[in-house]
Amino acid sequence: MSNKINIFWFRRDLRLHDNVGLSAALQAGLPVQAVFIFDKNILDKLTNKADKRVDFIHQQLEKINQELQQQGATLIVKYGNPVEIWRDWAENLPINAVYTNRDYESYGINRDAQVAQILAAKGQHFYHYKDQVVFEKREVCKADGSPYVVFTPYSKMWLNKLAASKNENGEPAALKNHETRAYFHNLRRATPRPVLGLEEMGFEKCANFPDFIPNINQIQEYEEQRNFPAVEGTTRAGMYLRFGAVSVREIAKLGLFHNETFLNEIIWRDFYAQILANFPHVETQPFRLEYEKIAWLNNTNDFEAWKAGKTGYPLVDAGMRQLNQTGFMHNRVRMVVASFLVKHLLIDWRWGEAYFAEKLLDFELASNSGGWQWAAGCGTDAAPYFRVFNPTAQQEKFDPKLKYVRQWLPEYGKANYPKPIVVHEVARVRCLAAYKLALDKDKADVAG
Ligand SMILES: Cc1cc2nc3c(=O)[nH]c(=O)nc-3n(C[C@H](O)[C@H](O)[C@H](O)COP(=O)(O)OP(=O)(O)OC[C@H]3O[C@@H](n4cnc5c(N)ncnc54)[C@H](O)[C@@H]3O)c2cc1C
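This is how it looks when you write it as structure tokens:
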């Protein structure tokens, strides 16, 4: 009898339920061994050894391992360079096939291509599935098959596609649950192994993360509450979605059944994911390349003041403090701080994007790049560049009683709170001039 096994490789899908690739692996018949690799290439770049995201991944893996062990199976966790680890496994394990869920960032795409090649050389298969998004790359397209680059028509087509996938019970097939537990008998029996310790990789435990439990009342009231940063009006699902601790299909169903505006946010997430997949240049460049010609001031003192929450604009400063202290920032405030950095301070949006990537627990390349380019006016649905948020007016509208500001900025209103580092109206005029110059230059260059 063959001793062949199938392997399920966890990456951004750290859950045992409703997991497309895991479900496929378990239904394929052979015993399934689950693995996870802490990628040294990524972890080596993290300077903060108390990174909550690494701790979150670790805690998810421990939960997964515990449940696997209850089934007489175990998770295998490695730390190193994934391509080298797969070279070793392809050589030394009796692999029939590797199952996993698709990645859409250039690093993951290249890594997977190399792994697939290594496996193929040994006659082993590499199967990958859509799990991270509801609809991917070319599933929601214009009539001529080209990708949408504007959100509203994309979202209409997304909803049409969802409705078209309804089964006889009226449930959209695109949101169906991919059963796993019914097939747990196909897990490979193995001696229990502990998850590799955080300390062994130079990291430390820093927080306790509860499981994500949706608050239905909050979702029902999402539309009225979501814009006010002092209110707990948004779900905080971001980090759980980013690491796949919840399934995007489950979250989308909450929107479908309880609140359209909330569903719309999940469509934004899919929208930015397909933009990244179809226009990979947005990973490092503006979607609209003509905005590459802006002469950024990139003043490092201004950048430091922004990072530290010391610009003298209370909503901006409160937002940056919230980010620095917790790894989260309210969406409304993200828009305001991003716009302030790019337009008031004329600092390259990529500097802000990188700072968010370092700090946000829910950091997702596609949404972060999309959000920053939107704020900078150089992205897909870009707000016209001449619309410059007034951070004071934003605070008066969305935090009128200064509740959020006072929560994160204890020195607000005291002598040690700094004076504004730029005057709004002066900065606005400076910004418009810089943008106009760049776009005029681009027109002249194109005209030859
Ligand atoms: C400059 C900037 C940078 C951003 N960077 C990120 C990022 O790195 N990762 C990230 O997930 N979101 C990012 N966003 C979008 C948004 O701010 C966050 O998704 C949201 O604040 C997370 O809070 P929540 O989980 O409570 O969201 P909720 O309001 O409860 O929304 C539920 C989920 O919908 C998705 N979502 C909501 N709004 C958006 C949006 N505008 N674009 C894409 N998806 C959305 C997220 O997955 C979110 O968790 C960014 C926005 C801006 C303006």
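One gets the working numbering by counting positions in the sequence shown from 1 and adding 1081 to each.
Here a beta-carbon is modelled for each residue, glycine too, at the ideal position from N, C-alpha and C.
- In terms of Cβ geometry, L1441 and V1503 do not form a close pair [threshold 9 angstroms].
- With contacts defined by Cβ atoms closer than 9 angstroms, D1443 and G1319 form a contacting pair.
- Annotation: the continuous alpha helix (DSSP H) that includes A1419 extends over 1412-1420.
- Between V1507 and F1360, the C-beta gap is not smaller than 9 angstroms, which leaves the two residues out of contact.
- Residue burial annotation: P1310 is buried, with at least 16 other C-beta atoms found within 10 angstroms of its C-beta.
- When DSSP reads this structure, G1161 sits in a beta bridge with D1120.
- Under the three-state reduction of DSSP, H1139 is assigned to helix.
- In the three-state reduction of the DSSP assignment, F1216 falls in the coil class, being assigned neither a helical nor a strand state.
- In this structure L1337 is not in contact with V1329, their Cβ atoms being roughly 12 angstroms apart against a cut-off of 8 angstroms.
- In the DSSP annotation of this structure, N1241 is not part of any beta strand (DSSP E); the continuous alpha helix (DSSP H) holding it starts and ends at 1232-1245.
- Contact annotation: V1417 and L1404 have beta-carbon atoms that are not nearer than 9 angstroms.
- The closest heavy atom of ligand 1 lies less than 8 angstroms from the beta carbon of H1411.
- As the crow flies, the alpha-carbon of R1487 is around 18 angstroms from that of K1388.
- With contact defined as three or more Cβ pairs closer than 8 angstroms, the segment 1214-1232 and the segment 1341-1359 are in contact.
- Ligand 1 approaches R1323 closely enough that one of its heavy atoms is under 8 angstroms from the residue's Cβ.
- For A1178, the uninterrupted beta strand (DSSP E) segment begins and ends at 1176-1182.
- If you draw a straight line from the Cα of V1214 to the Cα of R1317, it comes to about 17 angstroms.
- For L1446, the closest of V1363, D1526, Q1141 by C-alpha to C-alpha distance is V1363.
- With a cutoff of 8 angstroms, E1341 does not count as near ligand 1, since its C-beta is closer than that to no heavy atom of the ligand.
- Within the DSSP secondary-structure output, I1088 pairs in a beta bridge with Q1114, V1179.
- If the five residues before and after F1207 are omitted, its C-beta is found closer than 8 angstroms to the C-beta atoms of A1178, V1179, T1181, D1193, V1196, A1197, L1200, A1201, all from its own chain and listed in chain order.
- In this structure, DSSP gives L1268 an extended state, which the three-state scheme calls strand.
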